[in-house]
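> One structure coming up, written as structure tokens, with questions to follow.
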Amino acid sequence: MEQKKRTKKIYDSKVFWMVISLLCSLMMWAYVTSQDTTDQGRTLTDIPVEFQGQEELLNEKNLSITGVSANTVSISVRGSRSNISKLKASDIKAVIDVSNITQPNNMTWTYKLVFPSYINENDITVVRKNPDTINFTVVKNGSKTIEIKGSFEGAIAEGCVAEEVVFEPKTIVVEGPEASIEKIDHAWVTFGKDQTIDSAYIEEAEFTLRDKNDNAISKDGLKFSSDTVTATQPILKTKDVPLKVSIVSGGGVTESDCRVTINPVSIKVAGDSRIVDDMESIQLGTIDLSSFDGGYEHTFPITLPEGVENITGVSDAKVTIEVSGTHTKTFTTTNIACKGVTAGYRVTVDTKEIEVTLRALDSYTLNSIRPEDITVVADLSDYVSTTGQVIVNAKVTVVGHDNVGAVGDVRVTVTIIKD
Numbered sequence: 011m012e013q014k015k016r017t018k019k020i021y022d023s024k025v026f027w028m029v030i031s032l033l034c035s036l037m038m039w040a041y042v043t044s045q046d047t048t049d050q051g052r053t054l055t056d057i058p059v060e061f062q063g064q065e066e067l068l069n070e071k072n073l074s075i076t077g078v079s080a081n082t083v084s085i086s087v088r089g090s091r092s093n094i095s096k097l098k099a100s101d102i103k104a105v106i107d108v109s110n111i112t113q114p115n116n117m118t119w120t121y122k123l124v125f126p127s128y129i130n131e132n133d134i135t136v137v138r139k140n141p142d143t144i145n146f147t148v149v150k151n152g153s154k155t156i157e158i159k160g161s162f163e164g165a166i167a168e169g170c171v172a173e174e175v176v177f178e179p180k181t182i183v184v185e186g187p188e189a190s191i192e193k194i195d196h197a198w199v200t201f202g203k204d205q206t207i208d209s210a211y212i213e214e215a216e217f218t219l220r221d222k223n224d225n226a227i228s229k230d231g232l233k234f235s236s237d238t239v240t241a242t243q244p245i246l247k248t249k250d251v252p253l254k255v256s257i258v259s260g261g262g263v264t265e266s267d268c269r270v271t272i273n274p275v276s277i278k279v280a281g282d283s284r285i286v287d288d289m290e291s292i293q294l295g296t297i298d299l300s301s302f303d304g305g306y307e308h309t310f311p312i313t314l315p316e317g318v319e320n321i322t323g324v325s326d327a328k329v330t331i332e333v334s335g336t337h338t339k340t341f342t343t344t345n346i347a348c349k350g351v352t353a354g355y356r357v358t359v360d361t362k363e364i365e366v367t368l369r370a371l372d373s374y375t376l377n378s379i380r381p382e383d384i385t386v387v388a389d390l391s392d393y394v395s396t397t398g399q400v401i402v403n404a405k406v407t408v409v410g411h412d413n414v415g416a417v418g419d420v421r422v423t424v425t426i427i428k429d
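In terms of this note's numbering, the sequence shown opens at residue 11 and continues consecutively.
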């Protein structure tokens, strides 16, 4: 009973019947407009021109289209209100079929209007087309290999140095109208803008085309073997590294008794940070203090690890050693012996006596040495199966005087005989 009362109350409401009336009016308007066949005119602009069969023209016949007189057209149409009201210029195409073209030529062709599937073309009349025809030129294609050039537009962090930019691929092939590609000199790449880098920077970048005067050239109508380029800016870590020599004590003196000068003192190197960071010094070579008397001077080449560059530009270093406050004295000794003789071989010492120059920090020590305190020993360990007479470097020892040593080369002649 209560439900019937609520239903009757709704039916008696003025608002209810107002809503029902509005809905009925809308439905009647929709029906009338859908059945409206009254002619209506309309102008549509910016309809795109499309060349059908252009890929076939390029790939199979090596021809391209250039110099198109208009990329869009406008049309005036008439038709039923229901059809005309639906039309959108973006859904219409002005199509020119170029698939049957076989030779280069200047063309003036009409186009076919293709309407969307939701439009009944029989109910539409095209009153006017502007332009009515499209002019274009069909040209023979060519190809050209051009070099990739470019620059990094960022900043290099302090303590680093940039190497030459690397592009992959190094060249690209351009295909298109011969008249267009013959103007192209190279492709240009810019990358890394607003970047500050302290290690190698890599970017996949697009390129532009330029002529020999660096003027930009349009890419329109051209085909490329690659549309992007991998651009790399290599970065090397820099460091000032001191030059060093290894000193071997001898001849009665040690490194502390010498003044060692290296010129230059250091060089700046650049390389992979993993290598450069571990470089504390660069070793030029080893100097035996027994190999000279009063002074030493020698120029060493500066050798660096693989992958490290010398950016100072100095390839050699001069090493000077001054030994001060020492005294020398020359002795003649007949104490000449051999060691390291191979079993089954015997040796005859052909040098009967030899002059030896000894060096010490004071003259008293030298004056206390007797010739019989000096022994010259030739090491024959390297002459395993050699026979005959050879000249051998020898080592000098002074019994009871550890702070005395020989300077200069000491050599003896021996004859090796197989038993």
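Cβ atoms here follow ideal geometry from the backbone N, Cα and C, with glycine treated the same way.
With DSSP run on the structure shown, which of helix, strand or coil describes PRO432?
Here the chain covers residues 11 to 429 and nothing more, so residue 432 does not appear.
> What is the residue span of the alpha helix (DSSP H) that SER283 lies within?
It spans 283 to 286 - the alpha helix (DSSP H) in which SER283 sits, taken as one unbroken run.
> Out of SER300, ARG284, LEU294, LYS328, which one is the CA nearest neighbour of GLU307?
Of the listed residues, the one whose Cα sits closest to GLU307 is LYS328.
> Whole angstroms are fine: how far does the CA of GLU290 sit from the CA of GLU163?
One C-alpha to the other measures close to 33 Å.
> Can you tell which of ARG91, SER235, ASP429, ASN273 has the C-alpha that lies nearest to the C-alpha of VAL184?
Checking every option, the nearest Cα to that of VAL184 belongs to SER235.
> If I follow the unbroken beta strand (DSSP E) through GLN399, where does it start and stop?
Unbroken beta strand (DSSP E) run through GLN399: 398 to 408.
> Under the three-state reduction of DSSP, which class applies to THR238: helix, strand or coil?
THR238: coil per DSSP, three-state reduction.
> For ASP101, which option in LEU246, GLU60, VAL386, ALA347 has the closest C-alpha, if you only look at C-alpha atoms?
Of the candidates LEU246, GLU60, VAL386, ALA347, the one whose C-alpha sits nearest the C-alpha of ASP101 is GLU60.
> Give me the Cα-Cα distance between ILE126 and SER153, rounded to the nearest whole angstrom.
Sequence check: residue 126 is Pro here, not Ile. Between PRO126 and SER153, the C-alpha separation is close to 38 Å.
> Could you give the first and the last residue of the continuous alpha helix (DSSP H) run that contains LYS71?
Where LYS71 is concerned, the enclosing alpha helix (DSSP H) stretches over 64 to 71.
> Out of THR240, GLN205, LYS193, which has the shortest C-alpha to C-alpha gap to VAL228?
The residue asked about is misnamed: residue 228 is Ser in this sequence, not Val. For SER228, the nearest C-alpha among the options comes from LYS193.
> Starting from SER256 and walking both ways along the beta strand (DSSP E), at which residues does that stretch end?
First-last of the beta strand (DSSP E) with SER256: 245 to 258.
> Please classify TYR442: is it buried, with 16 or more other beta-carbons within 10 angstroms of its beta-carbon, or exposed?
Here the chain covers residues 11 to 429 and nothing more, so residue 442 does not appear.
> Between the Cα of PRO179 and the Cα atoms of VAL136, VAL149, ASP237, ALA353, which residue gives the shortest distance?
Closest option to PRO179, Cα to Cα, is ASP237.
> Determine the direct distance from the alpha carbon of THR248 to that of GLU168, and round the result to whole angstroms.
Straight-line Cα distance between these residues: approximately 9 Å.
> Can you grab the Cα-Cα spacing for the pair ILE427 / SER395, in whole Å?
Using only the alpha carbons, I get a separation of about 10 Å.
> Taking THR218 as the reference, which of ALA210, ILE207, LEU232 has the closest Cα?
THR218 has its Cα closest to that of LEU232, out of ALA210, ILE207, LEU232.
> Among all the DSSP beta bridges, which residues are the ones paired with VAL318?
Answer is GLY281, bridged to VAL318.
> Hey, how far is the Cα of PRO359 from the Cα of ASP419?
Note that residue 359 corresponds to Val in the displayed sequence, not to Pro. Computed Cα separation, rounded: 18 Å.
> In whole angstroms, what separates the C-alpha of SER209 from that of GLU157?
Those two C-alpha atoms are separated by around 26 Å.
> Does the Cβ-Cβ distance between THR361 and THR423 come in under 8 Å?
Contact flag set, yes.
> Should GLN243 be labelled buried (16 or more other beta-carbon atoms within 10 Å of its own) or exposed?
Counting Cβ neighbours within 10 Å, GLN243 comes out buried, since at least 16 surround it.
> So ALA167 is in the alpha helix (DSSP H); what residue range does that whole segment cover?
Where ALA167 is concerned, there is no enclosing alpha helix (DSSP H), given that its DSSP letter is neither H nor E.
> Provide the residue span of the beta strand (DSSP E) that contains GLU332, from first to last.
Its beta strand (DSSP E) spans residues 326 to 333.
> Given this structure, state the Cα-to-Cα distance separating VAL42 from ILE106, to the nearest angstrom.
Bear in mind that the predicted position of VAL42 carries a pLDDT of just 47, short of 50, making it too unreliable to give a figure here.
> Excluding the five sequence neighbours on either side, which residues of its own chain have a C-beta within less than 6 Å of the C-beta of ASP282, listed in chain order?
Around ASP282: GLY317.
> From ARG421 to LYS349, what does the alpha carbon distance come to, in whole angstroms?
Straight-line Cα distance between these residues: approximately 14 Å.
> Would you list the residues sitting across from PRO381 in a DSSP beta bridge?
Bridge partners of PRO381: none, in fact.
> Just the Cα atoms here: how many angstroms apart are VAL324 and ILE312?
When rounded, the distance between both Cα atoms is 8 Å.
> Mind checking GLY415: buried by the 16 CB within 10 Å criterion, or exposed?
GLY415 is buried by the Cβ-count criterion.
> I need the straight-line Cα distance from ASN145 to ASP49, nearest angstrom please.
Roughly 33 Å between the two C-alpha positions.
> Pull up the distance between the alpha-carbon of ASN116 and that of VAL137, whole angstroms please.
Cα to Cα, the separation comes out at about 28 Å.
> Could you give the DSSP three-state label for VAL42: helix, strand or coil?
For VAL42, the predicted structure reports a pLDDT of 47, less than 50, and the residue's modelled location is therefore unreliable. The matter cannot be settled from this model.
> Can you give me the Cβ contacts of ILE331 inside the same chain, cut-off strictly under 6 Å, excluding the 5 residues immediately before and after it?
Around ILE331: CYS268, VAL270, TYR306.
> Among all the DSSP beta bridges, which residues are the ones paired with GLN50?
DSSP, once it has assigned bridges, lists GLY89 as partnering GLN50.
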